[in-house]
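Okay, so the sequence shown: first residue is 428 according to the working numbering, each after it adds one.
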Amino acid sequence: MHNLRPVNALRVLLCLCLLAASWAVSSCDNKSQPAPETAETPLPPEPPTFLTLVFSGNIKGIIDPCGCVKKQLGGLARRASVIEGLREKSDNVVYVDYGNWLFPMGPVPEVEREQRIEKARLQIEAANQMKLAAFTPGPSDFAAGTGTLKELLKKAAFHAVSANLVDPASRELLFPAYAIVEVGGLRLGITGVSEPVSTIPQLAGEAEALPPVEALRGVLAELRPRVHRILVLARPGGEARFEISALEGVDFVIGAPGDVPVGEAQAANLALVASVSDRGQRVGSVSVQLQPGRKGYYRGERMLALEQEIKDAQARAEKARAAGDEELAAGNEKLIAFRTEDLAKLKDRMGFLASFFEIDENVEPDEQQFLLVDNFRRQQEARAREVYGRDWEKYLKDQHDFAGAQACMGCHQGQYEHWLGTRHASAFASLEKTHQGSDHECLKCHTTGYQNAFIGDYAPELFRGVQCESCHGESAPHSREPQLVKTPWVIDSLTCRRCHGIQHGENFNFDEALPKILHPGHGEHSVEAPHFEGKVAPQPGDAERAGEH
């Protein structure tokens, strides 16, 4: 049971029924999957096709949602379930992704490199199973280097396309400019453009992005005679997507560089422009009845709304005339004329319906994908534990000023005992329950001193959990000379948002959360610990964990 629940409350089945009624959808018996075009096959006449485009983007290397928030959004296994559910309800489904997919933003730290590359391999294997048709690399996909990305993509059963990403030295395209897939007799050309990789300064040398609109012109001229419709995976934001939608022959523009709260789909020029929220928390879909020779799109609900508005205006005009109010009747007649003209314009275009599916706990995970992720987690954890058990001291950094919570206990017994009863104290144990105890992305927020006190993919016992120093800063000097060296203690919302925030799908309220960890002597007024003052020390990854990525 796939349990599809679009955010805008339009059930897929209802969408299909509305489309069938409005556009006389032609029947199709077989469920075609996207497949590469055979070389030099003549372009046959375009068939009427009911097409569903399914799309994701800006997943940023996430294979599973963070397990420590109440509302779990995203994850490979649930995304696969939603996509399979759409395939069961609609013929001619094409799934695409508009990049920033395989890695988090920023360069890959050397200590995390091996694990992140393994995660990327896992995502490619999962995408093959989901029958991904094509994707356009974004800046974060180059985080491990261009050579690594190309090596990873050798295992892909889908197309990586880009019309504007070139090698900085040779000026040659790094990927094919486009791909052609055939679905339900329709030939769909897919190309893509990305924003500059230099938006992540450390990756500037990995690829160069040519101006997207200029790069597309030549590609579209080559592609148009070979296909019935063209889809552009467009990462550039702002007005660029709408400039692309105005290019001759473009039917669909899917993509956006940054955070989209839920998703959007709109008609622009003669194209349909759409995007979906970040981090794989939702899947977007647009369904359209393509008609040969027609160009331009409109929301399916728009036609129904116009027809209803005309009907209501007609009723008001008749009622006004019966009451002898010719002025009111004339006003409604004008409205009828305007709306009838609007309706006539729509009839020359093609209607679409858009849905955005929230991937939460109510979506039953796809069993095959669940096992894929679970096996990966267990293997990573077993390897990390084996290495840790053999030589745990290698995980400790030679020089650091972290003392661990037990060093604080001697002078702050009450605060320590209160902390033991909070979820902060058991943060690492919660990872072990889900076999995420060796995941670098999780260790950052479920341990103390990550990459400062220890390195590697397993935490020494001394630094497990969210301890005192996660908020108050490194305290070894203070623990040695408490009256001479002061520990910073003033906490603000950014202190918490390093880990509690939009990057984990959490609607965090600092004012509501703070009292849960306060008690006399720990934030509340007390004569204890009068030597505490100052501000919390910045920690590695503050900007990333605050959601600025």
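Where is the CB? At the ideal position from N, CA and C, for every residue including glycine.
If you ignore the 5 residues before and after residue 733, its C-beta comes within less than 8 angstroms of the C-beta of 766, 769, 770 and 773, all in its own chain and listed in chain order.
Straight-line measurement puts the Cα of residue 654 at about 46 angstroms from the Cα of residue 538. Take residue 703, set aside five residues on each side of it, and the residues of its chain with a beta-carbon closer than 7 angstroms to its own are 482, 483, 484, 687, 690, 709, 710, 711 and 783, in chain order.
When C-beta atoms of the region 506-520 are compared with those of the region 539-552, fewer than three pairs fall below 8 angstroms, so the two segments do not count as touching. The region 544-622 is shown to contain whole alpha helix (DSSP H) runs of 4 or more residues at 573-579, in chain order. Boundaries of the alpha helix (DSSP H) harbouring residue 858: 854-860, taken from the DSSP string. Non-local beta-carbon contacts of residue 510 in its own chain, meaning distances under 7 angstroms to residues more than five positions away in sequence, involve 481, 522, 557 and 710 in chain order. Counting the other Cβ atoms within 10 Å of the Cβ of residue 837 gives fewer than 16, which makes it exposed.
Across the set 895, 506, 904 and 858, the C-alpha of 858 shows the shortest separation from the C-alpha of residue 884. By the C-beta density criterion, residue 896 is buried, having at least 16 other C-beta atoms within 10 angstroms. With a 10 Å radius around the Cβ and a threshold of 16 neighbouring Cβ atoms, residue 487 comes out buried.
Membership of residue 764 in the alpha helix (DSSP H) is indicated by the continuous run 753-774.
Using a Cβ distance threshold of 8 angstroms, residue 717 and residue 478 count as a contacting pair. In terms of Cα proximity to residue 698, the closest of 913, 682, 787 and 671 is 671.
Residue 897 carries a helical assignment under DSSP once its states are collapsed to helix, strand and coil. For residue 695, there is no enclosing alpha helix (DSSP H); the residue is found in the beta strand (DSSP E) stretching over 690-695.
Using a Cβ distance threshold of 8 angstroms, residue 595 and residue 576 do not count as a contacting pair. Below 8 angstroms, enough C-beta pairs join the region 648-667 and the region 615-623 to call them touching: three or more. Taking a C-beta distance under 8 angstroms as the contact criterion, residue 561 and residue 593 do not qualify as a contact pair. Taken atom to atom, the span from the alpha-carbon of residue 542 to that of residue 911 is near 42 angstroms. Residue 469 is positioned such that its CB atom lies no closer than 8 angstroms to that of residue 719.
Membership of residue 711 in the beta strand (DSSP E) is indicated by the continuous run 709-717.
Taking each of 811, 804, 528 and 715 in turn and checking the Cα distance to residue 779, the smallest one comes out for 715.
In this model, residue 631 and residue 578 are separated by some 20 angstroms (Cα to Cα). Taking C-beta separations shorter than 6 angstroms and ignoring five residues to either side along the sequence, the partners of residue 590 in its chain run 604, 618, 620, 642, 643 and 646, following chain order. In terms of Cβ geometry, residue 855 and residue 886 form a close pair [threshold 8 angstroms]. The C-alpha of residue 864 is placed about 29 angstroms away from the C-alpha of residue 904. For residue 659 and residue 667, the gap between their C-alpha atoms comes out near 12 angstroms. Residue 728 holds the alpha-carbon nearest to the alpha-carbon of residue 777 among 584, 728 and 758. When the Cα atoms are used, residue 839 and residue 892 turn out to be separated by approximately 18 angstroms.
The beta-bridge partner set that DSSP reports for residue 476 consists of 717. By the criterion of a C-beta distance shorter than 8 angstroms, residue 797 is surrounded in its chain by 504, once the five residues flanking it on both sides are discounted.
Remark: C-beta atoms of residue 724 and residue 694 approach each other more closely than 8 angstroms. With a cutoff of 8 angstroms on beta-carbon distance, residue 684 and residue 664 are scored as near each other.
With a threshold of 16 other beta carbon atoms within 10 Å, residue 833 falls short and is exposed.
Looking at the backbone, the Cα of residue 849 and that of residue 944 are separated by about 7 angstroms.
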